[in-house]
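Participant: Mapped onto the numbering used here, the consecutive letters of the sequence shown carry residue numbers 73 to 259.
Quick reminder that beta carbons are idealized off the backbone N, C-alpha and C, glycines included.
A quick note: this is a predicted structure, and the numbers were derived from the prediction, not measured.
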Amino acid sequence: MAKKHSYSADASSPAVKLNGADIRLQLNPQGTDGGSYAVSAMVVAAAVTTLDGPFKWRIEATGQPNRHESIVVHRLRTRTTVTKRDEWYPVQYLNKRADFRRRSGSGDQWRAVFEIPGLLKVKPREDGALEVLADITVRADGKNERRTVKFRLNPAEGRRDEFIFLPTEIVKSIGRPMSDWEETGWD
């Protein structure tokens, strides 16, 4: 069980449309505040933790097959309401193209994912609401459209529970290389 301190999109700002694609900002908490474990007869185990920032972050665009080609993130700026932080992300890590590809398990839906290197170092409880300005180009039908879009995220608290039957996981992992054991948690 995990108590999650994260951000949720402002209700007044759904996905941003750019050159016909839906653009979203996604955050995945990486930090934890403590935890406790309980073990019973080496069979049952439980962990309780609090997930918090910093965050892995990415820009995701959803588009149409054979129409949308790529996205490029040129600049990023983050601002917080409580701590008044106002920072530009280093441009040397940006300006790389992310191509649209068929999303696995979803027939005609295509998406491009720009993974932003490094972690977004904000904490929802301390920093307050977060505003991210992203200068993005979407290429579709051979034409580029570039615009600065704004994502406003409010602090949110939630809960994430995962139940794993350990003997099944051990059997499933036999014969697989260790690198296959990692779970990304993005899809």
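Ala113 by DSSP, collapsed to three states: which one?
Facilitator: Note that Ala113 has pLDDT 48, beneath the 50 cutoff, so the model's placement of it is unreliable and the number below is only indicative. Ala113 falls in the coil class under three-state DSSP.
Participant: Counting Cβ pairs closer than 8 Å, one from the region 173-185 and one from the region 193-200, do we hit at least three?
Facilitator: Contact fails: fewer than three Cβ-Cβ distances are below 8 Å.
Participant: Could you check what DSSP says for Arg139 in three-state terms: helix, strand or coil?
Facilitator: DSSP places Arg139 in coil when its eight states are reduced to three.
Participant: For the alpha helix (DSSP H) containing Asp199, name the first residue and the last one.
Facilitator: Here the alpha helix (DSSP H) through Asp199 covers 196-199.
Participant: Taking the beta carbon of Leu90 as the centre, do at least 16 other beta carbons fall within 10 Å, making it buried, or is it exposed?
Facilitator: Leu90 comes out buried.
Participant: Need the endpoints of the beta strand (DSSP E) that Ala87 sits in, please.
Facilitator: Run containing Ala87: none; DSSP gives neither H nor E here.
Participant: So the candidates are Thr134, Gln136, Lys215, Gln98; which of them puts its Cα closest to the Cα of Glu203?
Facilitator: Of the listed residues, the one whose Cα sits closest to Glu203 is Gln98.
Participant: Helix, strand or coil: which one does DSSP assign to Gln181?
Facilitator: Of the three classes helix, strand and coil, the one that applies to Gln181 here is coil, per DSSP.
Participant: Grab me the residues of Gly214's own chain with a C-beta within less than 6 Å of its C-beta, minus the 5 sequence neighbours each way, in chain order.
Facilitator: Excluding sequence neighbours, Gly214 sits near nothing in its chain.
Participant: With burial defined as no fewer than 16 other Cβ atoms inside 10 Å of the residue's Cβ, what is the status of Trp182: buried or exposed?
Facilitator: Under this definition Trp182 is a buried residue.
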